[in-house]
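The next block holds one structure in the form of structure tokens; read it before the comments.
In our numbering, the protein residues as written are 3 to 197.
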């Protein structure tokens with residue numbers, strides 16, 4: 003037989019059941035809050051610092067010049083005012099050595115400076131130096147440059163690539179091949195500033 007509970011006993015049973023129900027809900031709520039904190043609070047290792055500015059990958063400039071005794075076989079090219087160059091940037095210079103004709107069109111052959119040529123008179127070298135405002139291309143030789151064939155002095159085309167030093171220091175950056183470098187930096191032929 004069942005024992006009839008008094009109203010006081012029933013009240014205690016109901017309180018205990020409600021307390022038990024609340025502790026179940028509270029423990030589930032605490033578990034959810036804990037999981038939310040774990041998920042939102044986890045962080046991985048900090049990534050590499052990024053580069054500030056819009057033009058992260060640099061610029062390519064192209065110009066044509068001639069060398070003579072009048073300019074001391076040197077050509078100073080001043081960067082356009084809208085091209086920002088920082089002292090820490092890497093400046094690379096390439097000489098258009100020749101243009102090859104093929105079945106699929108012409109292909110330019112770009113050679114990085116410094117570049118040496120052995121000619122009948124001796125050794126000839128294109129070199130350069132730069133600041134953050136200009137690049138100076140120099141034609142040097144171990145003989146009198148006045149006797150040099152005009153193929154080496156007249157209408158020479160150069161490309162200057164300006165990029166953050168971090169890219170030049172990266173061994174994966176193909177600095178010896180202009181076309182590969184431009185592809186690596188995502189610089190299109192149409193983006194080259196020509197003067």
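All C-beta atoms in this analysis are idealised placements derived from N, C-alpha and C, irrespective of residue type, glycine included.
Beta carbon proximity, residue i to chain D, threshold 8 Å
i	result
residue 117	This model lacks chain D altogether; it includes just one protein chain.
Where residue i falls: helix, strand or coil (DSSP)
i	result
residue 162	strand
residue 194	coil
residue 174	coil
residue 183	helix
residue 155	coil
residue 27	helix
residue 56	Because the pLDDT of residue 56 is 41, which lies under 50, any placement of that residue in the model is unreliable, and the number read from its coordinates should be weighed accordingly. In the structure shown, residue 56 sits in coil (DSSP, three-state: anything other than H, G, I, E or B).
residue 189	coil
Residue i versus the options, residue with shortest Cα-Cα distance
i	options	result
residue 64	106, 118, 80	80
residue 160	111, 105, 89, 90	111
residue 179	139, 104, 114	114
residue 72	147, 116, 105, 151	147
residue 78	129, 149, 100, 85	129
residue 126	82, 134, 86, 69	69
Outcome for residue i when other beta-carbon atoms lying within 10 angstroms are tallied against a minimum of 16
i	result
residue 190	exposed
residue 106	exposed
residue 91	buried
residue 165	buried
residue 145	exposed
Any beta strand (DSSP E) of 3 or more consecutive residues that is wholly inside the region 62 to 150: 76 to 80, 92 to 104, 107 to 114, 117 to 121, 124 to 132, 136 to 143
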